[in-house]
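The structure appears right after this line, and notes come after that.
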Amino acid sequence: MPTTWWDERAILDVPMSSLLFKQSRIEELEDVINSGVVSAQRQVSIQEGPLYRTEGSHITIWCNVSGFQGPSEQNFQWSVYMPKAPEREIQIISTMDDTFSYAIYTQRVRSGQIYVERVQGNLALLHIIDLQTRDAGVYECHTPSTDERYFGSYSAKTTVVVIPDTLQATAVPQTLHKVEQDRLELTCDTSTETLQHSHLSVAWLRQRGGEKPVEVIALSRNFVLQSSSDYVQRQSLGEGEFYCEATEWIQDPDGSWYPMTRKRSEGTVVNVQPTDKEFTVRLETEKRLYTVGEPMEFRCILEAQNIPDRYFAVSWAFNSSLIASMGPNAVPVLNSEFTHREARGELQVAKESDSVFVLKIYHLRQEDSGKYNCRVTEREKTVTGEFIDKESKRPKNIPIIVLPISKLEPRKPQRGTLSLSPESSIFVDVASNASVILEGDNLHLTCSIRTTGRPLSRFSVIWQLVDRQNRRSNIVWLDRDGTVQPGASYWERNSFGGIQMEQVQPNSFSLSIFNTRKEDEGQYECHVTEWVRAVDNEWQIAGERRASTLVSITALETGFAVTAISRTPGVTYNDSFDLQCIIKPHYLSRVPVSVTWRFQPVGTIEFHGLVTFTRDGGVQWGDRSSSFRTRTAIEKAESSNNVRLSISRASDTEAGKYQCVAELWRRNYNNSWMRLAERTSNLLEIRVLQPVTNLQVSKSKRTLTLVENRPIQLNCSVKSQTSQNSHFAVLWYVHKPSDADGKLILKTTHNSAFEYGTYAEEEGLRARLQFERHMSGGLFSLTVQRAEVSDSGSYYCHVEEWLLSPNYAWYKLAEEVSGRTEVTVKRPDSRLKLSQEQGNLSVLETRQVQLECVVLNRTSAASQLLVEWFVWKPNQPERETVARLSRDATFHYGEQAAKNNLKGRLHLESPSPGVYRLFIQNVAVQDSGTYSCRVEEWLPSPSGMWYKQAEDTAGQMAVRVTRPGSTLQSIICSNDALFYFVFFYPFPIFGILIITILLVRFKSRNSSKNSEGKNGVPLLWIKEPHLNYSPTCLEPPVLSIHPGAID
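For what it's worth, our numbering labels the leading residue of the sequence shown as 7, then goes sequentially.
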């Protein structure tokens, strides 16, 4: 049937992409572009809206620009105005600027979920893969100007509406086994709740292995039924998976239809067996001895493959004479002899089904005794419509006897035996191996015949079953020639050896039914017919006997139940726990039971198969059971079907609800398996708990006071831990009085990684922190090098205990805070000390004054000193600075130096560390005053900043400067001749005088020794006076008499 290209794409291969657009709309746009529309006015056009698209679909929006100037390849920029903020432009993507996108779309643009496809230089497609609800809004396409002047439109807008995807396609997943040319019927339910007007198309596809799916048949959106070119005519489809695919279409404002969404159903696996051309024919009847007037029915049963598609003809015969025939059209044609009986309603030839043909005689006559048979002939239809006979088959004849009513006399049955003929000399007994058996057990029946005569008679035996609904069916019979033939409903079962009939002894016949089923329950009847030879050497029935016994079969699923138990519903990490699936009753080993453990992890709502113990003893793991395989053992008890699931090294992965599902199976006579019942156990919740922590951190408090620039040693001691394999994360905090909470200094994770806290970053502590984990494992130390006063505070550690889970993932078990260490960092005590010696100094003008400042002790050798000299002037309450020596050894004049013109007269010396001398040269009277020095000691902080540690003032020195008067000294010094006369010439004269006196004394000593010595007159000895003088007379000579100068 003809259809449009759009229909075929909808059914065969409708992609959620731009393929459909490229092959239809792009061609239309190209026609418009190439139709000769040329204008100097720029015109931007966009796909007309509103465009209804489903959530999760792939949307494309085209944008075209014409009438532009400049390069043929234009750029496009896409933006959206969302309903919540219709005035706010949100930029999506641009072909010219990679940074154009706003943050909300940046990730999707980078990952390729949103992109622009350039079809031509002036035509582009916006692609949005996996459309989201928030993507709804007004979309704007803007083309940046390349024109010499702005003229025309540079953007266009369209509306996109995102609606829920409500399309559903449902089909029952199943596996079908078909014979070639069988009828295949599949059902697919589709539904949608879209509020907008939409159309649905449905297609059936077949897929084999990795081949591309092939469409079988489809119903288009216009309700046109069409088949694929591969299946124009009905033919064998072959094996494969069949599924239906539904597509929901919506008509856009431009009149075109767009496939919004597509859904695929579950698949049906179809296995096709090749056709077997062979066929068999069986003839059945309920009994062979009738009475005149009784009804009789013969059933001719045809067994073959694909019977409805083949042509068969059936003919009925009585004593080798044709009764009636029936062609493939099922119209019977009767022999003239039986036509009258059919007209009177005494006889009917009919086709009950494709495989069953019946001959019914409603009122038997005695002349109806004889042999009946049917013949089935397969016919082949030629091209001209004629039929050609091919193979023909017929079963064995079945003789029946119609007895006159006068020959029947009632007779009392013996031992459960029903007598149907007065001439019968046999008695029948039926015995079974058990009156009640379990489904699947073997049933053995024995039919024993006792005879009182006719040693040359033969027996035909029919085993029949009367079920609970009082329906009688033939199981198997053995004719007088020893041929065994199964009944119609047992034919296949007998072919697989499920039924066996034997003549154990001449008068004993057994029936064995293997692997019994529940439907085998009922009254088993042994029908024995005695045959004797007549005068004409033909066999005739002498009589019949029946005997029966009741057999009850207990269904396997009776009492079938399953219970899940566990002795340890709550376990700790790395412990083991067992789950028991107890199945009742205890079946024999021949009854297979498959057991599946299902698992619902904590926090989920659905179960998934964990592991299955199959009916053949195998183990099959579920798709999501990888974490269980290495730690789970499955054990099935030999004496029962109980299955134990042992899970070791329990973790969070194994926490959840467990459920046991047991399936009871039975092997059929054809070796196929049938699931008889399925039972689901109670829910069993297993809680996997973390171990109880033994973490204890030292809570002892201590106080630490130290001088700055010394290290702060902080210890964090773990007194006890849960496991020897515990790892610790240690977080160090400091709490300041001004802060509400502690601030993080340093964190060491359980895997020994370092992370500095904000406090360390803000205070610049990173270079001064040193962390140490001691070999003992439970002691952690933090050292703050070069402590500062600002480091004072309350320090404590926060310890986290981490353990390795059974899944080899670290988890935090516990945490605890230590006691606090109060740290006080102070500056060093001052040891600055100056000399406090005081003195008075009188000096004449123009002389030099030395002021000494001696530092006797200092706090630190690394300190720097600031030395300042000041003076108190008479009648002035405030002191004034004379000079200052700064910390960097720079000399500065004070305000007093400016007043008294001291700048050229001051001189500073430091002959040794700590000794500072200030010289005032050429002093004047105005320099008089009380002088002293003040020293400031500066120390460097650990951060390198200098601060004043202490200061001290030395003892005072009172200096008085006087003007000199007209003295002898000044007169002598003022005249050089006088100076030499007074100070130079007397020395040689005195020398000569002394020598003369000594010589005179030496000579007169001897003569006057006694007289002079005795008289004791002392000699006057005048020592040379000590004279200080200056050759230059810059200073007047000072004549001083020291003690001892005169003896």
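For every residue, glycine included, the Cβ atom is placed at its ideal position computed from N, Cα and C.
Where the alpha helix (DSSP H) containing residue i begins and where it ends
i    : result
H756 : H756 -> no alpha helix (DSSP H), and no H or E assigned at all.
A109 : A109 to R116
Y765 : T764 to E769
H346 : S342 to A349
E901 : E901 to K905
E498 : W497 to S501
F248 : Taken as a continuous stretch (DSSP letters only), F248 belongs to no alpha helix (DSSP H), being part of the beta strand (DSSP E) at G246 to Q257.
F1   : The structure shown has nothing for residue 1, since the chain only spans 7 to 1053.
Alpha-carbon spacing of residue i relative to residue j, whole angstroms
i    : j    : result
T852 : A930 : 6 Å
Y368 : K357 : 17 Å
C380 : R305 : 9 Å
S78  : L131 : 17 Å
S425 : R552 : Caution applies to S425, whose pLDDT of 38 falls short of 50 and renders its modelled position unreliable; the model cannot decide the point.
T755 : G215 : 53 Å
D745 : R923 : 51 Å
I751 : A766 : 5 Å
I692 : S645 : 27 Å
N513 : E290 : 25 Å
Q47  : Y264 : 32 Å
M680 : W671 : 6 Å
T522 : R212 : 40 Å
A904 : Y801 : 55 Å
N- and C-terminal bounds of the beta strand (DSSP E) containing residue i
i    : result
A162 : S161 to I169
E822 : W816 to V823
H183 : Q180 to V185
R573 : No beta strand (DSSP E) holds R573; DSSP gives it neither H nor E.
T297 : L295 to T297
Residue i burial status per 10 Å Cβ neighbour count (16 or more: buried)
i    : result
T489 : exposed
D835 : exposed
N928 : exposed
Y937 : buried
P743 : exposed
E4   : Residue 4 is absent from the model: the chain starts at 7 and stops at 1053.
T274 : buried
K753 : buried
P717 : exposed
N906 : buried
E445 : buried
Y986 : exposed
I432 : buried
P492 : buried
D315 : exposed
Cβ neighbours of residue i in the same chain (closer than 7 Å, five flanking residues each side left out)
i    : result
T659 : S633 and N813
R270 : A175, Y249 and E251
R635 : W627
T196 : Q174, A175, L206, V208 and A252
Per DSSP, cross-strand counterpart(s) of residue i
i    : result
H450 : S518
N379 : A323
Q354 : K366
G549 : E536
Q509 : F515
S723 : L785
A683 : L670
E303 : K366
V694 : V577
Own chain partners of residue i with C-beta closer than 6 Å, once the 5 adjacent residues on each side are dropped
i    : result
S100 : Q83 and F106
M332 : V320 and P338
Y496 : I481 and I505
Chain-order list of residues whose beta-carbon lies under 8 Å from that of residue i (same chain, five-residue window excluded)
i    : result
K396 : T383, E384, R385 and E386
T610 : G662
R772 : Y762 and A766
Proximity test, residue i beta-carbon vs the ligand HEM heavy atom, cut-off 7 Å
i    : result
T274 : No copy of the ligand HEM appears in this structure; indeed no ligand is present at all.
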